[in-house]
Amino acid sequence: MSMPQLNDPSLLRQAALVGDRWIEADAETGIAVTDPATGQVIGHVPNLGTEETRAAIEAAEAARHPWAARTAKERSQILRRWFDLMMENQADLGAILTAEQGKPLAEA
C-alpha cells in the first residue's frame with residue numbers, strides 16, 4: 121500500500137461512519153481504493169450491505185431533526201469550525217485527494 125506520509129494519519133480513515141459507529145475495512149473484505157495515476161492500492165473501504173445502508177439512512181434521518189432545530193447561527197458556527205479544520209489540514213487532505221483521484225495537487 122502506497123500512501124503519502126501525512127502530518128495527521130488519523131485523517132485517513134479506512135472505515136465508514138454509520139450513526140455513532142465506525143465500521144472498519146480490511147484488506148480481505150473491503151473494497152480496494154486505487155490511485156488511478158499509479159495503479160497502487162492506497163487503502164480499503166468497507167464493503168457495506170443492505171443492513172448497513174438502512175442503518176445509515178436511519179441515522180441520517182434521526183440526525184436531521186436535531187440539526188434542523190438548531191438556529192442558523194449555530195449551524196453556521198458548526199460549519200465554520202468544519203471549514204477551519206479543513207483549512208488547518210489542507211496539505212494532508214490534498215495529499216489524500218491526490219492519491220484517491222489521481223489528480224495533480226493543484227486540482228485537489
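Take 121 as the starting number for the sequence shown in the numbering used here and just add one per residue. Just so it is clear, CB atoms sit at the ideal spot from N, CA and C, and this is done for glycine as well. All figures in this text were calculated on a predicted structure; none of them were measured in a lab.
Query raised in the report: When we look at the beta-carbon of alanine 226 and count the other beta-carbons within 10 Å, is it buried (16 or more) or exposed?
Result: With fewer than 16 other Cβ atoms inside 10 Å of its own Cβ, alanine 226 counts as exposed.
Requested in this report: Evaluate histidine 164 with the Cβ neighbour count: other Cβ atoms within 10 Å of its Cβ, from every protein chain shown; 16 or more gives buried, anything less gives exposed.
Outcome: With 16 or more Cβ atoms within 10 Å of its Cβ, histidine 164 is classed as buried.
**Report entry** Between the CA atoms of isoleucine 216 and aspartate 146 - distance to the nearest angstrom
**Finding:** Whole-angstrom Cα-Cα distance: 18 Å.
Requested in this report: To the nearest angstrom, report how far apart asparagine 209 and aspartate 128 are at their CA atoms.
Outcome: Approximately 8 Å, taken between the alpha carbons.
Requested in this report: Indicate whether alanine 179 and glycine 139 have their beta-carbon atoms separated by less than 8 Å.
Outcome: Contact check for alanine 179 against glycine 139 passes: the beta carbons are separated by less than 8 Å.
Query - Cα-Cα separation, arginine 195 to phenylalanine 203 - result: Approximately 12 Å between the Cα atoms of the pair.
Query raised in the report: So which of Ile143, Ile151 and Leu131 has the shortest CA-CA distance to alanine 176?
Result: For the options Ile143, Ile151 and Leu131, the alpha carbon positioned closest to that of alanine 176 is the one of Ile143.
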